[in-house]
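Engineer:
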């Protein structure tokens, strides 16, 4: 987690933001070409929806949003690598959509490396192994872990206290009504539960939460037990870049602009409040159409999150106080971070 953080909280997002922008900042200050290459290499582990979206966003950031922000470096030289142990991108979406997503990522400039197993991660880079057993070392400061969801430690703690079983991922095995065996008063939902090999995605957590709430209301009202929990798959979507996405809804398989518009529409619908929906839609419009990104401005949270830069490598110590002949960083120039 220290060398390749994931994305499960706002703090995680802020730390990743700090590491990504910090890598560009340090590359701007460095005079060593090898160090610049290492700083501008971004490795995303996991070619599921999260990894695909992250790889696409980093490429867009480097090639479009930050293109004119630096004087020494060309951000378009950034190298973005997407790794996965599976033989294809987006395996849960099927062969066709996975192939379309891989083609689009490659077109954007992402290096897609499937059937690549991560064997080691350290502060300076990452080591992967192919199916033939050949190892490859990738020197990279910024690594992002998007290879699946780990169970919340709270689940294992609860299971230990009540004597419940957990699966290999640390998720608690529950009854069909999402309660703990022998403890009908305790519901376990979301990433902590294990039932019928359901995926650890938001849809399962939302539907499970609503089901548990209804069960509790029924009990308080003295009504008989309802039917067991049944998950209804409403489909899956993943954005790749601006105006490009893939979607799997029932029998339908969509790609490109249509899937991207559908992705936007679904997210707008799930935002509570009309005012928030309009504000979000306008913000997206400015971000997608214009090149200036207001979110690059420094915030108090961002300043705190930049402590993560100390993990970017040994160069941080030397570059922390740039000499007078080096160009000022964005913060010193008053520009965006």
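Residue numbers (my numbering): 2 to 338.
C-beta atoms are modelled at their ideal positions from N, C-alpha and C, and glycine is treated no differently.
A quick note: this is a predicted structure, and the numbers were derived from the prediction, not measured.
Give the list of continuous alpha helix (DSSP H) stretches no shorter than 4 residues that lie fully inside the region 218 to 271.
Structural biologist: 257 to 270, all fully within the region 218 to 271.
Engineer: With 16 other CB atoms within 10 Å as the buried threshold, where does residue 285 fall?
Structural biologist: Exposed.
Engineer: What residues are listed by DSSP as bridge partners for residue 146?
Structural biologist: Answer is 46, bridged to residue 146.
Engineer: With a cut-off of 8 Å, do at least 3 Cβ pairs link the region 14 to 28 to the region 216 to 223?
Structural biologist: The region 14 to 28 vs the region 216 to 223: no contact.
Engineer: Consult DSSP for residue 127 and reduce its assignment to one of helix, strand or coil.
Structural biologist: DSSP places residue 127 in strand when its eight states are reduced to three.
Engineer: Hey, quick one: how far does the beta strand (DSSP E) through residue 198 stretch, first residue to last?
Structural biologist: First-last for residue 198: undefined, no H or E at that position.
Engineer: Under a Cβ-count criterion, where at least 16 other Cβ atoms within 10 Å of its own Cβ denotes burial, should residue 3 be classed as buried or exposed?
Structural biologist: Label assigned to residue 3: exposed.
Engineer: Could you check if residue 18 is buried or exposed, using at least 16 other CB atoms within 10 Å of its CB as the buried criterion?
Structural biologist: Buried is the call here.
Engineer: Provide the residue span of the beta strand (DSSP E) that contains residue 122, from first to last.
Structural biologist: Start and end: 118 to 122.
Engineer: Apply the 10 Å Cβ neighbour rule to residue 69 and answer buried if 16 or more other Cβ atoms are within range, or exposed otherwise.
Structural biologist: Exposed, by the Cβ-count rule.
Engineer: Kindly identify the DSSP beta-bridge partner or partners of residue 139.
Structural biologist: Paired residue(s): 127.
Engineer: Are at least three pairs of beta-carbons, each pair with one atom in the region 146 to 161 and one in the region 204 to 214, less than 8 Å apart?
Structural biologist: No, the region 146 to 161 is not in contact with the region 204 to 214.
Engineer: Quick one: what does DSSP say residue 107 is sitting in, helix, strand or coil?
Structural biologist: Residue 107: helix per DSSP, three-state reduction.
Engineer: Would you mind reading off the limits of the beta strand (DSSP E) that contains residue 70?
Structural biologist: Taken as a continuous stretch (DSSP letters only), residue 70 belongs to no beta strand (DSSP E), as it is neither H nor E.
Engineer: Just verifying my parser: in three-state terms, what is the DSSP assignment at residue 190?
Structural biologist: Looking at residue 190 - three-state DSSP - the assignment turns out to be coil, as it is neither helix nor strand.
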